[in-house]
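In what follows, a single structure is set out as structure tokens and then discussed.
In our numbering, the protein residues as written are 91 to 233.
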């Protein structure tokens, strides 16, 4: 089961949904995982199609991103986004992502991303983010 508990009436925030996703990096890094995730997911939803375009979008929207997280070291490089995304546990990422989407589209509660989405309201966004974030596993810079 993707969602461990029933969704509340109020949608969960993106940052809260990803609280339990472990950072796969073994050393301390200047760019926090939550900063990378927020920039990557928002960038992809906004039309970014490569890690380079995620970085470009994030740099343009840095003031907006800083309303939610500090980004004390600015935006990470496209190499950092690719490297970290390739290390993420895909099933844990899916769990967190569906936790967030389930609050936005309650018809998805308990659904798995694969093989298909149950709701048209999230299908495009979910497929785009899923394909970009982990199917490519950071190996290529564009779709």
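For every residue, glycine included, the Cβ atom is placed at its ideal position computed from N, Cα and C.
Which residues bound the alpha helix (DSSP H) around residue i?
i	result
residue 125	123-135
residue 182	180-194
residue 168	168-177
residue 107	104-107
residue 110	Taken as a continuous stretch (DSSP letters only), residue 110 belongs to no alpha helix (DSSP H), as it is neither H nor E.
residue 159	No alpha helix (DSSP H) contains residue 159, which DSSP labels as neither H nor E.
Tell me which residues share the same chain as residue i and place their Cβ nearer than 7 Å to its Cβ, disregarding the 5 neighbours each side in the sequence.
i	result
residue 166	121 and 126
residue 147	133, 136 and 138
residue 155	128, 129, 148 and 161
residue 102	189, 190 and 193
Please name the residue in the options whose C-alpha comes closest to that of residue i.
i	options	result
residue 110	117, 181 and 134	181
residue 114	174, 190, 194 and 155	174
residue 178	157, 116 and 150	116
Any heavy atom of the ligand COA closer than 6 Å to the beta-carbon of residue i?
i	result
residue 187	As for the ligand COA, it is missing from this structure, which has no ligand bound.
Starting from the C-beta of residue i, find all residues in its chain whose C-beta is less than 8 Å away, skip the five residues before and the five after it, and write them out in chain order.
i	result
residue 152	161, 164 and 165
residue 159	105, 122, 124, 125 and 128
residue 107	186, 187, 189, 190 and 193
residue 144	129, 130, 133, 134, 138, 168 and 171
residue 100	193
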